[in-house]
Amino acid sequence: HILEIGGEEVSMEEGCLSLPGIHETVKRGNKIRVKYMDEDFVEHEEEVEGYLARVMQHEFDHLDGKMFIDHISALRKQMIKGKLNTMLKGKARSSYKMKQ
Numbered sequence: 186h187i188l189e190i191g192g193e194e195v196s197m198e199e200g201c202l203s204l205p206g207i208h209e210t211v212k213r214g215n216k217i218r219v220k221y222m223d224e225d226f227v228e229h230e231e232e233v234e235g236y237l238a239r240v241m242q243h244e245f246d247h248l249d250g251k252m253f254i255d256h257i258s259a260l261r262k263q264m265i266k267g268k269l270n271t272m273l274k275g276k277a278r279s280s281y282k283m284k285q
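Okay, here's the thing in structure tokens:
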């Protein structure tokens, strides 16, 4: 899990296979400290920076039941509401097969 988020807050466009066609600018710290277990169940703790820190925050969010759109403003959420509703109806377009 993520123990600490720090460093400079960097804004960058993010997307997710869970929300095809939606990309929004998200602010995230560019340095994190994480604790994890490897395939031999040995616990590790390390600092990660840059793009990998962003990706890890995005993926850890999924484990906590969050998505990148949880990090955008209410106004931006309102602006993409139509696209989200289309997805809920199962009518989203994507370049990969989606479960119906």
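In my numbering, each residue's number is its place in the sequence shown (first place is 1) plus 185. Idealized CB from N, CA, C, for every residue including glycine.
C-alpha distance - residue i paired with residue j, whole-angstrom precision
i	j	result
tyrosine 236	asparagine 215	7 Å
alanine 259	lysine 251	15 Å
glutamate 232	histidine 243	16 Å
phenylalanine 245	arginine 261	22 Å
isoleucine 187	glutamine 263	29 Å
aspartate 225	arginine 218	21 Å
glutamate 234	serine 203	25 Å
Beta-carbon proximity list for residue i, same chain, < 8 Å, skipping 5 on both sides
i	result
leucine 223	As written in the sequence, residue 223 is aspartate, which differs from the leucine given in the question. Closer than 8 Å at the Cβ level, and outside the excluded window around aspartate 223, lie His229.
isoleucine 207	Gly200, Cys201, Ile254, Ile265, Lys268 and Leu269
methionine 272	Leu204 and Pro205
Beta-carbon proximity list for residue i, same chain, < 6 Å, skipping 5 on both sides
i	result
arginine 213	Arg239 and Gln242
threonine 210	Ser196 and Glu198
isoleucine 257	Glu209
Same chain only: Cβ atoms within 7 Å of residue i, ignoring 5 sequence neighbours per side
i	result
glutamine 191	Here the sequence assigns glycine to residue 191, which means glutamine is not the residue at that position. Excluding sequence neighbours, glycine 191 sits near Gly214 and Lys216.
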